[in-house]
Structure formats: structure tokens, C-alpha cells
Amino acid sequence: MKSFFLFLLCFFLVAACSDKEIEPSFAIENSSGVVINPEVGSTTIFSFTSAREWKASCSADWLSVSPLSGESGKATLTITTKSENSTTVDRSATLVLSSGTVRKEITLMQEAGEIGFIEPDLTEYRMPVEGGVLQIGFSTNMGNDEFQIESSPNV
Numbered sequence: 004m005k006s007f008f009l010f011l012l013c014f015f016l017v018a019a020c021s022d023k024e025i026e027p028s029f030a031i032e033n034s035s036g037v038v039i040n041p042e043v044g045s046t047t048i049f050s051f052t053s054a055r056e057w058k059a060s061c062s063a064d065w066l067s068v069s070p071l072s073g074e075s076g077k078a079t080l081t082i083t084t085k086s087e088n089s090t091t092v093d094r095s096a097t098l099v100l101s102s103g104t105v106r107k108e109i110t111l112m113q114e115a116g117e118i119g120f121i122e123p124d125l126t127e128y129r130m131p132v133e134g135g136v137l138q139i140g141f142s143t144n145m146g147n148d149e150f151q152i153e154s155s156p157n158v
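Heads up, the sequence shown is in this note's numbering, so the first residue is 4 and it goes up one at a time.
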């Protein structure tokens, strides 16, 4: 009976020592960043490996990320644009992966739209013969420093 208790005690000691918790960690294949096309609905895949369960988040309203959580092992996220980048400037967001106390940030960049545009509010403007002020409204996807408006007194 004494040897049975000794055996049971040894068993519990061995079991307690071998129950070591796995530290959270990520192995990321493309940690330099992710580039996404400017069109709405553009999709890219982002893969990583996690030693434990994980969560993903991104606060950018122009992106969706799926899935938002998973178990240990290899994981693949689908990142999809919800709106077109109609500007002439790249825009970026941060994808955050977390597992336990470990947190990794990955930059997501949506490329700029390819062509800048200036679109007048009206197709025809009329000026009285005696002259005056002519207000021309327009829409554009370019920044203030990317285009110039000029007029000619002889036109």
C-alpha cells in the first residue's frame, strides 16, 4: 500500500511538472506590410502562424478582416476593401494581432487611385456681357497642391 501511495505521488509530481504553458508567439510570413489594390472589393490574403489562440482587429472603416479570431497553428486572414481609394494618395491602416500578452502590428496600405480627376458641377457657365464674378464649382480627388487653376483675361 505504501508503494502505491509513493507511485501516486510520483505520478502527480511528474504530471504537474510537464504541464508547462505554451508562450504566445507569432511567425509572420510578410511582416513588412500588405499592399491592397485601390478598387472597392479588392482582396488580399495574409498568413501567419500562432503558438496559441489569437485575435485580429483593424479600426479602418474602409477594410474588413475575416476571421477575427482563431486557434493555434497556421492561420489565413482575408482582407477586403469596403471602399475605393479614389484619392491620388496611398492610405494605410494597422492590423493588430494579439495572443495573450503578445501584440503584433502589421501595416495595411491601399494604393492610390491611378487617375486624378476634376469634374465641374455644371457643363456650361454663362457670363453677362458687362462681366462680373463667375463661381465655378467642381469635385476632385486631388489635393490642393496637385492642381492649379488659371484664367486668361482674353477668353
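Idealized CB from N, CA, C, for every residue including glycine.
Q | phenylalanine 150 vs isoleucine 109 beta-carbon contact at 8 Å | A | Against the sequence shown, residue 150 aligns to sequence position 147. Against the sequence shown, residue 109 aligns to sequence position 106. Cβ distance not < 8 Å, so phenylalanine 150 and isoleucine 109 don't count as in contact.
Q: Give me the Cα-Cα distance between threonine 91 and glutamate 24, rounded to the nearest whole angstrom.
A: Against the sequence shown, residue 91 aligns to sequence position 88. Against the sequence shown, residue 24 aligns to sequence position 21. Cα-Cα distance, rounded: 49 Å.
Q: With a 10 Å radius around its C-beta and 16 neighbouring C-beta atoms as the bar for buried, classify leucine 80 as buried or exposed.
A: Here residue 80 refers to the residue found at position 77 of the sequence shown. Classification of leucine 80: buried, given that the 10 Å Cβ count is 16 or more.
Q) Based on Cα-Cα distance, which residue from Lys85, Ser69, Phe49 lies nearest to serine 35? A) Within the sequence shown, the letter at position 32 stands for residue 35. Selected option, being the one with the closest Cα: Phe49.
Q) Starting from serine 53 and walking both ways along the beta strand (DSSP E), at which residues does that stretch end? A) Within the sequence shown, numbered from 1, the residue matching residue 53 stands at position 50. Note, serine 53: beta strand (DSSP E), 46-53.
Q.
Quick check on the DSSP output: the beta strand (DSSP E) that includes isoleucine 109 runs from which residue to which?
A. Counted from its first residue, the sequence shown places residue 109 at position 106. Where isoleucine 109 is concerned, the enclosing beta strand (DSSP E) stretches over 105-113.
Q. For the 8 Å Cβ check, are there 3 or more pairs between the stretch 123-136 and the stretch 92-99?
A. By the Cβ criterion, the stretch 123-136 is not in contact with the stretch 92-99, since fewer than three pairs of Cβ atoms, one from each stretch, lie closer than 8 Å.
Q) According to the Cβ coordinates, are isoleucine 39 and lysine 107 closer than 8 Å? A) In the sequence shown, the residue the question calls residue 39 occupies position 36. In the sequence shown, the residue the question calls residue 107 occupies position 104. No, the pair does not count as a contact, with Cβ atoms beyond the cut-off.
Q) Since arginine 129 is in the beta strand (DSSP E), which residue starts that stretch and which ends it? A) The residue you call residue 129 lines up with position 126 of the sequence shown. First-last for arginine 129: undefined, no H or E at that position.
**Q.** Cβ-based neighbour list, threonine 104, same chain, cut-off 8 Å, excluding 5 preceding and 5 following
**A.** As a working note, residue 104 is residue 101 in the sequence shown. Correct list, in chain order: Pro27.
Q.
Cutting at 7 Å between CB atoms, please list the residues of its own chain near glycine 86, excluding the five before and the five after it.
A. The count along the sequence shown starts at 1 and reaches residue 86 at position 83. Per the sequence shown, the amino acid found at residue 86 is serine instead of glycine. If we look at serine 86 and ignore the five residues flanking it on each side, its Cβ neighbours are Val43, Trp65.
Q | Euclidean distance between Cα positions of serine 67 and phenylalanine 141 | A | If you number the sequence shown from 1, residue 67 lands on position 64. If you number the sequence shown from 1, residue 141 lands on position 138. Each residue's alpha carbon lies about 31 Å from the other.
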